[in-house]
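In my numbering, the protein residues as written are 77 to 317.
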């Protein structure tokens with residue numbers, strides 16, 4: 077979800093994730109395998125793998141399943157090889173959309189992504205067409221009512237780049253991708269538990285959508301997120317229900 081989204085949008089995304097709990101394992105396994113393949117199987121030296129394993133544990137994945145997939149990726153076991161591909165496109169009202177996939181068949185994946193865009197009012201763009209509207213960063217979101225001063229003090233001392241409080245009271249902490257883990261651990265150690273914490277592609281500018289346009293945009297996003305090969309969908313739409 078784009079960083080500019082309202083708290084309600086964030087809650088909607090969390091609700092969608094809860095609905096798809098049974099599919100989370102598939103996506104987490106892919107993330108573990110790619111992280112291990114690209115950065116090695118040593119968790120202490122591979123931050124991306126640590127984050128993927130953390131997601132796996134949060135989804136109640138057994139330790140032996142995690143280990144087996146790390147072993148597959150590092151060559152200790154034979155397994156499927158996945159590649160990461162990012163697609164860029166436009167949604168309703170010209171909203172920018174990034175679709176991150178992991179696939180063992182890029183022909184199938186691009187066909188499914190293109191079909192989703194075209195069927196639901198969007199357009200698949202070319203490489204570089206919208207990615208410049210996003211920033212790769214660590215993002216931690218705290219619910220309205222969280223102690224803003226405490227979040228700011230702990231986050232900035234731990235190396236965060238910025239702390240932003242929205243009109244709805246939600247607090248957003250931004251970090252560089254490399255400092256994300258340190259800031260997250262510092263906040264948790266201070267008793268500040270984020271409702272959402274991830275390394276993401278944060279939209280630099282938001283496009284507000286309401287009414288029918290908002291409903292159509294949400295449908296497009298839901299369809300994209302439901303594709304088997306899709307890992308993440310980022311966008312700059314601020315959806316008002």
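Just so you know, even glycine gets a beta-carbon here, dropped at the ideal spot from N, CA and C.
{"Asked": "Candidates 163, 141, 168 and 104: which alpha carbon is nearest residue 205's?", "Found": "163"}
{"Asked": "Please list the terminal residues of the continuous alpha helix (DSSP H) segment that includes residue 183.", "Found": "182-195"}
{"Asked": "Would you list, in sequence order, the uninterrupted beta strand (DSSP E) runs of no fewer than 3 residues that lie entirely inside the region 281-307?", "Found": "283-286"}
{"Asked": "Name the DSSP beta bridge partners of residue 250, please?", "Found": "215 and 238"}
{"Asked": "Tell me the rounded alpha-carbon separation between residue 120 and residue 256.", "Found": "15 Å"}
{"Asked": "For residue 242 and residue 280, what's the separation of their Cα atoms in angstroms?", "Found": "15 Å"}
{"Asked": "What would DSSP say about residue 169, mapped onto helix, strand or coil?", "Found": "helix"}
{"Asked": "Do the region 175-195 and the region 296-308 meet, that is, are 3 or more Cβ pairs less than 8 Å apart?", "Found": "yes"}
{"Asked": "Going by DSSP, what residue range makes up the alpha helix (DSSP H) through residue 258?", "Found": "256-265"}
{"Asked": "Output yes if chain C places a C-beta closer than 8 Å to the C-beta of residue 303; else output no.", "Found": "This model lacks chain C altogether, as it is built from one protein chain only."}
{"Asked": "For residue 271, which option in 110, 134, 109 and 99 has the closest C-alpha, if you only look at C-alpha atoms?", "Found": "134"}
{"Asked": "Return helix, strand or coil for residue 312, following the three-state DSSP convention.", "Found": "coil"}
{"Asked": "When the Cα of residue 141 is compared with those of 104, 114, 251 and 226, which residue comes out closest?", "Found": "104"}
{"Asked": "Assuming the contact rule is C-beta atoms closer than 8 Å, residue 210 and residue 268 should be a hit. Round their C-beta distance to whole Å, please.", "Found": "Between residue 268 and residue 210 the Cβ distance is about 26 Å, and since that is not below 8 Å, they are no contact."}
{"Asked": "What's the C-alpha gap between residue 222 and residue 254?", "Found": "25 Å"}
{"Asked": "So the beta strand (DSSP E) residue 275 belongs to, where does it begin and stop?", "Found": "272-279"}
{"Asked": "Let me make sure I understand the geometry here. Which of 262, 265 and 174 has the alpha-carbon closest to that of residue 202?", "Found": "174"}
{"Asked": "Please classify residue 311 as buried or exposed, where buried requires at least 16 neighbouring CB atoms within 10 angstroms.", "Found": "buried"}
{"Asked": "How about residue 294 and residue 250: do their beta carbons lie closer than 8 Å?", "Found": "no"}
{"Asked": "Tell me whether residue 150 sits in a helix, a strand or coil according to DSSP, three-state version.", "Found": "coil"}
{"Asked": "Just the Cα atoms here: how many angstroms apart are residue 314 and residue 284?", "Found": "5 Å"}
{"Asked": "What are the boundary residues of the alpha helix (DSSP H) that includes residue 125?", "Found": "123-134"}
{"Asked": "Going by DSSP in three states, residue 223 sits in which element: helix, strand or coil?", "Found": "coil"}
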